[in-house]
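Worksheet: the structure to be examined is printed underneath.
Numbering (this note's numbering), first residue to last: 680 to 834.
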């Protein structure tokens with residue numbers, strides 16, 4: 680066998696040896712933890728702080744959050760932060776910024792950061808209006824804090 684043929688044959692066999700490790704090179708993330716702190720206000724609104732901890736394997740630059748808009752009046756006073764500081768509401772896709780889209784069916788947030796092979800906790804703070812139903816004998820709160828819109832299993 681000539682030298683180029685030996686090289687190509689060796690390269691071919693080496694690629695099969697590395698194939699089982701291919702998944703290790705793929706990027707992935709998991710949602711390790713979601714912690715929700717909700718405070719009911721006298722006016723029937725709820726102030727929510729949601730801390731979402733992601734574990735990143737590979738390089739990531741954005742995440743998003745969807746909240747179906749039903750069962751309450753609206754979303755107000757949204758802010759976003761991580762351990763490095765507060766994010767700014769600008770649609771420029773720069774790390775430390777976020778954008779908000781509000782429709783009749785959902786409240787959507789996409790935020791931008793730079794993370795690689797690390798865990799990162801993001802803190803979403805917002806108020807939901809008209810969440811409490813008040814009757815003559817009882818007040819009722821019904822709200823799914825983590826619903827089907829979450830496309831990643833937690834834990």
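Quick reminder that beta carbons are idealized off the backbone N, C-alpha and C, glycines included.
Note that the structure is predicted; figures quoted are calculated from it, not measured.
For residue 764, the three-state secondary structure derived from DSSP is strand. About 5 Å separates the Cβ atoms of residue 711 and residue 734, confirming a contact at the 8 Å cut-off. Note on the stretch 710 to 775: whole beta strand (DSSP E) runs with a minimum of 3 residues are 725 to 747, 753 to 761, in chain order. For the pair residue 767 and residue 777, the Cα-to-Cα distance works out to about 6 Å. The C-alpha of residue 818 is placed about 19 Å away from the C-alpha of residue 806. In this structure, the alpha-carbon of residue 732 lies about 20 Å from that of residue 773. DSSP places residue 813 within a strand segment (E or B) once states are collapsed to three. Our two residues, residue 800 and residue 707, have alpha carbons roughly 16 Å apart in a direct line.
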